[in-house]
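Participant:
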Amino acid sequence: MPNYYDLSAESSVCDSEDDAFSNESDDDGTASAEGLASDHRCILHVDVDCFYCQCEVQDRQIPKDKPFAIGQKHIIVTSNYAARAMGVKKLQSRTAAYEACPQLLIIEGSDLERYRIHARKIYQVFRAACKRVHPEIAVRRGSMDEMMADLSVAISIDGDDRVDYSNDNVYIYGANGRESIALTEDQTGVCSKIVQEFQVRSLGPSEWSCSERLQRASHIALQIRREILQSTGFTTTMGVSVNPLLAKIASGLKKPATVNVLFPWRSQSLLASMPLRMIPGVGRTTVKALQHCLEKNAVSSQPNFWTCQDLLSVPKQDIVSCLEQVPLFKHSCEVQADIILQKCIGVDHSQIQDDEGGAPKALSVENSFRRGTLVRKDVLCAELEELYRRLSRLLHERREWSHSSRLAYPTTIKLTLRTVDEKLASKKRRPFVTRSKQSSFDGLAFMQLRDSAQQVAFLKRAALPLLHAFELKSDVIDITRASIATTGFQDLSARPKDSPTYFTQPCQSNMSTFIEQTEHGKSRSPRDALNGASTKMSIHEQASMFHNNKIDPSILSQLPPDVISELRQVKPKKRQRIDDYFKRL
DNA sequence: TGGGGTCCT
DNA sequence: AGGACCC
Numbered sequence: 001m002p003n004y005y006d007l008s009a010e011s012s013v014c015d016s017e018d019d020a021f022s023n024e025s026d027d028d029g030t031a032s033a034e035g036l037a038s039d040h041r042c043i044l045h046v047d048v049d050c051f052y053c054q055c056e057v058q059d060r061q062i063p064k065d066k067p068f069a070i071g072q073k074h075i076i077v078t079s080n081y082a083a084r085a086m087g088v089k090k091l092q093s094r095t096a097a098y099e100a101c102p103q104l105l106i107i108e109g110s111d112l113e114r115y116r117i118h119a120r121k122i123y124q125v126f127r128a129a130c131k132r133v134h135p136e137i138a139v140r141r142g143s144m145d146e147m148m149a150d151l152s153v154a155i156s157i158d159g160d161d162r163v164d165y166s167n168d169n170v171y172i173y174g175a176n177g178r179e180s181i182a183l184t185e186d187q188t189g190v191c192s193k194i195v196q197e198f199q200v201r202s203l204g205p206s207e208w209s210c211s212e213r214l215q216r217a218s219h220i221a222l223q224i225r226r227e228i229l230q231s232t233g234f235t236t237t238m239g240v241s242v243n244p245l246l247a248k249i250a251s252g253l254k255k256p257a258t259v260n261v262l263f264p265w266r267s268q269s270l271l272a273s274m275p276l277r278m279i280p281g282v283g284r285t286t287v288k289a290l291q292h293c294l295e296k297n298a299v300s301s302q303p304n305f306w307t308c309q310d311l312l313s314v315p316k317q318d319i320v321s322c323l324e325q326v327p328l329f330k331h332s333c334e335v336q337a338d339i340i341l342q343k344c345i346g347v348d349h350s351q352i353q354d355d356e357g358g359a360p361k362a363l364s365v366e367n368s369f370r371r372g373t374l375v376r377k378d379v380l381c382a383e384l385e386e387l388y389r390r391l392s393r394l395l396h397e398r399r400e401w402s403h404s405s406r407l408a409y410p411t412t413i414k415l416t417l418r419t420v421d422e423k424l425a426s427k428k429r430r431p432f433v434t435r436s437k438q439s440s441f442d443g444l445a446f447m448q449l450r451d452s453a454q455q456v457a458f459l460k461r462a463a464l465p466l467l468h469a470f471e472l473k474s475d476v477i478d479i480t481r482a483s484i485a486t487t488g489f490q491d492l493s494a495r496p497k498d499s500p501t502y503f504t505q506p507c508q509s510n511m512s513t514f515i516e517q518t519e520h521g522k523s524r525s526p527r528d529a530l531n532g533a534s535t536k537m538s539i540h541e542q543a544s545m546f547h548n549n550k551i552d553p554s555i556l557s558q559l560p561p562d563v564i565s566e567l568r569q570v571k572p573k574k575r576q577r578i579d580d581y582f583k584r585l
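If you want it as C-alpha cells, here you go:
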C-alpha cells in the first residue's frame with residue numbers, strides 16, 4: 001500500500017523564494033529564478049507506456065483490459081494498467097502479485113529479443129521523425145523505452161503557428177488554473193500525490209516567450225507522437241520543458257498517452273515537494289549518505305520521505321561531508337553537492353548529444369541464480385553455454401543498428417561473476433561480491449563465422465580463459481549471477497563531426513600517411529609504443545585512439561607540426577558530470 | 001528482485 | 001576492474 005502525502009499542507013514553504021533557496025550555491029551569484037529563465041531550450045522526453053506490456057499485446061493479442069504482467073524468474077518486472085489498478089507492483093514477487101490480483105496472467109519475459117526489436121523500430125521511427133522536423137535536432141536513445149531530443153533548433157523566434165490541442169491529451173503545468181498531478185510510483189515504492197490549486201497570475205515578458213516556445217515544442221511533440229503510433233502501434237507519453245531534467249520529470253506527471261508541458265516557473269514548487277529519490281541521478285547510495293545530514297538538521301518530513309525542499313534547507317557543507325562517504329564521490333563531493341542542489345531547483349545544464357543512430361555501446365547477456373544453487377564449476381560452464389548462444393544472437397542483431405555493418409563488431413569481451421561473500425552474509429541483506437575479467441576479442445573473425453555452432457565455440461574459446469583467470473579453486477563458489485559482455489565496437493570509434501578531416505578520410509590524411517611512413521621506417525606505430533605488440537593498427541583503431549586522447553606523448557611529439565597543431569584545435573571533451581544522466585541517454 | 005544498459009573513477 | 005545509476 002502506497003504512502004501518500006499531500007503537499008498542499010506544505011505549500012507555504014514554496015512561496016517564499018528567499019527561504020526556499022537560501023542554500024543555492026550558485027557560483028556566479030545567479031539566482032535560481034535567473035537560472036531557470038536563462039535556459040532557452042526546448043527538450044522533449046519520450047517514454048513508451050508500459051513497454052513490455054504493449055509488446056505482448058501486439059505479439060500475442062493479449063486483451064488490453066485483462067490484467068497481466070511480465071515475469072522474469074520469480075518476480076514480475078512490470079504490469080499493464082489493469083493489473084496496476086489491482087495493486088500489482090513493479091519488482092514484486094509472483095506470490096505477492098497473485099495475492100493482489102488472483103486472476104493475473106503472467107507472461108514469461110526473460111528473453112528480451114522481441115522487446116529489443118520493437119524498441120529498435122520505435123527509436124528509428126522517432127529519430128527519423130525528429131530529423132524530418134529539423135535535421136539538426138539532437139536525438140538520443142535512453143533505454144529500450146526512453147528517448148530524448150533537443151527541439152530548440154526547430155523553434156523559430158518569431159514563428160506564429162497557432163497550436164490546436166483539441167482532442168489531444170495535453171497537460172500544461174504552470175499555466176493558470178487548476179491542476180491535479182499524480183506522481184508515479186518510484187523504485188522505492190514511494191508513491192506521492194500532489195493536488196494543488198495554482199495561483200492565478202499573469203506571466204512576465206520572458207515567461208511569456210518561454211511559454212510560447214514550449215507550446216510550439218509541444219505541437220511538434222504531438223506530431224511525433226502520432227507518427228510513432230501510426231508507424232509502430234505504440235503509445236507514448238511525452239514531457240516537454242526547458243532542460244533534460246524537467247522534460248523527464250514532465251513525462252512522468254500524467255500517464256499514459258499524454259503530452260506534458262512543464263513551465264520552469266512551475267517546476268520549483270513541483271520539485272520542492274518531490275522525494276529526493278525521484279530526482280534522476282540521485283540513487284539509493286546517495287540518499288543513504290544524505291540521510292545523516294538531513295536527520296541532523298531535523299527537517300520537516302518524516303524519515304524516508306526526504307524531499308528536495310528538505311535538502312535545500314540543509315547547510316551545503318553538511319551535504320558535502322555526507323557525500324564524502326560515498327566512495328565514488330570522495331574526490332568530487334563539492335561538485336556533486338552542487339549538481340544535486342541545482343537539480344532540486346530544476347536547473348540542469350546537461351546537453352543532449354546526438355547518438356548518431358543509437359547503436360548500443362555494449363552488449364551483454366546474463367543469468368542469475370538463487371543462492372546456493374550454482375556451486376560447481378562444471379555446472380557454471382554448462383550455464384555459460386546458454387550465454388554464448390544468446391550473445392551470438394545479440395551480436396548479429398546489433399548489425400541492424402549499424403550504419404557500417406562491416407564494422408559492427410566488438411573488440412573486447414568480459415566475464416562477470418557475482419558470488420556470495422560469507423563475510424558479508426551476516427551484515428548485509430545482499431552480501432554479494434561482483435568480479436570481472438576482460439580481454440581483447442577478435443570480433444571481426446567472430447562475425448564472419450556462418451555456422452552458429454562455430455560461433456558458440458568461438459565465444460567459448462574467448463570466455464574460458466577468463467573463467468580460468470578467476471582461479472575458482474574452492475568448491476564453495478556460490479555464484480548468483482554470471483554475465484558475458486562485449487564492448488569496443490568499431491562502428492562507434494569513429495570521430496565526432498568536428499574532428500579533423502583526416503579522421504573521416506583516412507586514406508588522404510596527413511596522419512595516416514605519416515604513420516605509414518614511420519611504420520616502414522624504423523619508428524614504431526602508436527600501438528607498438530603503447531603495448532609493445534607488433535600487430536598493425538587499422539586506421540579505425542588509430543582514429544579511436546587519437547580521439548580518446550590516449551596517444552602516447554612520445555608519439556605525439558614525433559608527429560609533423562601541422563598535425564600537432566590540428567590535434568590541439570580539437571577541443572578536449574568537457575568533463576562529464578557524474579549525474580549528467582541525459583548524456584547517457 | 002531481473003536482464004539488461006550508461007557513465008565515471 | 002569496480003561502482004553508482006537508469007529502466
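The first sequence begins at 1 in full-length UniProt numbering and counts up by one.
Beta carbons are placed, not taken as given, at the ideal position from N, Cα and C, and that holds for glycine.
So for Y171, helix, strand or coil by DSSP?
Facilitator: strand
Participant: Please go through the same chain and pick out, in chain order, the residues whose beta-carbon is closer than 6 Å to the beta-carbon of Q542, but skip the five residues on each side of it.
Facilitator: Interpretation of Q542 is limited by its pLDDT of 32, a score under 50 that renders its predicted location unreliable; the figure taken from the coordinates is listed afterwards. Counting only Cβ-Cβ distances below 6 Å, and skipping sequence neighbours, we find nothing.
Participant: Leaving out five residues on either side along the sequence, give the residues of the same chain with a beta carbon under 8 Å from the beta carbon of residue 588.
Facilitator: As shown, the chain starts at 1 and ends at 585. That puts residue 588 outside it, with no answer to give.
Participant: Can you grab the Cα-Cα spacing for the pair T285 / I279, in whole Å?
Facilitator: 13 Å
Participant: Per the DSSP calculation, D92 is bridged to which residue(s)?
Facilitator: First, the residue type needs correcting, since residue 92 is Gln and not Asp in the sequence shown. Its beta-bridge partners are I76.
Participant: In whole angstroms, what separates the C-alpha of F369 from that of H118?
Facilitator: 28 Å
Participant: Would you mind working out which of T235, S79 and S321 sits nearest N169, comparing C-alpha positions?
Facilitator: T235
Participant: For the candidate residues R94, I157, L387 and A289, whose alpha-carbon lies nearest to that of E212?
Facilitator: Closest by alpha carbon: I157.
Participant: My understanding is that V48 touches I137, with C-beta atoms under 8 Å, so please give their C-beta distance in whole angstroms.
Facilitator: That belief does not hold up - the Cβ atoms of V48 and I137 are roughly 19 Å apart, past 8 Å.
Participant: Between the Cα of G346 and those of V242, E397, L467 and T480, spot the shortest distance and give me the residue it belongs to.
Facilitator: Comparing C-alpha distances from G346 to each of V242, E397, L467 and T480 shows the shortest one belongs to V242.
Participant: Decide if S152 is buried, meaning its Cβ has at least 16 other Cβ atoms within 10 Å, or exposed.
Facilitator: The residue is buried, with at least 16 neighbouring Cβ atoms inside 10 Å.
Participant: Between the Cα of D338 and the Cα atoms of I352, D318 and Q351, which residue gives the shortest distance?
Facilitator: D318
Participant: Do L391 and I479 have their beta-carbon atoms positioned less than 7 Å apart in this structure?
Facilitator: no
Participant: Short of 6 Å in beta carbon distance, which residues of its chain neighbour H292, apart from the five on each side in sequence? Order them along the chain.
Facilitator: C322
Participant: Going by DSSP, what residues sit across from L374 in a beta bridge?
Facilitator: The partner list for L374 (beta bridge, DSSP) is empty, contrary to what the question assumes.
Participant: How would you write the range of the beta strand (DSSP E) that I319 sits in, first residue to last?
Facilitator: Segment K316 to L323 is the alpha helix (DSSP H) holding I319; no beta strand (DSSP E) there.
Participant: Considering just the uninterrupted stretch of the beta strand (DSSP E) at A482, what are its terminal residues?
Facilitator: I479 to T487
Participant: Assign V433 to buried or exposed, taking buried as 16 or more other Cβ atoms, counted over all protein chains shown, within 10 Å of its Cβ.
Facilitator: Exposed, by the Cβ-count rule.
Participant: Consult DSSP for L444 and reduce its assignment to one of helix, strand or coil.
Facilitator: helix
Participant: In angstroms, rounded to a whole number, what distance separates the CA positions of P244 and V259?
Facilitator: 15 Å
Participant: Thinking L271 and V287 are a contact (beta carbons under 8 Å), I'd like their distance in whole angstroms, please.
Facilitator: That pair is no contact at about 15 Å.
Participant: Unbroken alpha helix (DSSP H) runs of length 4 or more, entirely within the segment 324–363: which are they?
Facilitator: 333–344
Participant: Could you check whether V456 and residue 591 sit closer than 7 Å to each other, using their CB atoms as the reference points?
Facilitator: Any answer about residue 591 is impossible in this case: the structure gives the chain only from 1 up to 585.
Participant: Using a 10 Å radius around the Cβ and a threshold of 16 neighbouring Cβ atoms, would you call Q205 buried or exposed?
Facilitator: Per the sequence shown, residue 205 should be read as Pro rather than Gln. P205 is exposed by the Cβ-count criterion.
Participant: Could you tell me which residues DSSP pairs with T237 in its beta bridges?
Facilitator: D47
Participant: What are the start and end residues of the beta strand (DSSP E) that includes K414?
Facilitator: T412 to V420
Participant: Just how far apart, CA to CA, sit E99 and A257?
Facilitator: 29 Å
Participant: So for V125, helix, strand or coil by DSSP?
Facilitator: helix
Participant: Below 8 Å on the Cβ atoms is my contact criterion, and I expect N367 with E386 to pass it. Report the Cβ-Cβ distance as a whole number of Å.
Facilitator: Yes, they are in contact, since the Cβ atoms of N367 and E386 sit about 7 Å apart, within 8 Å.
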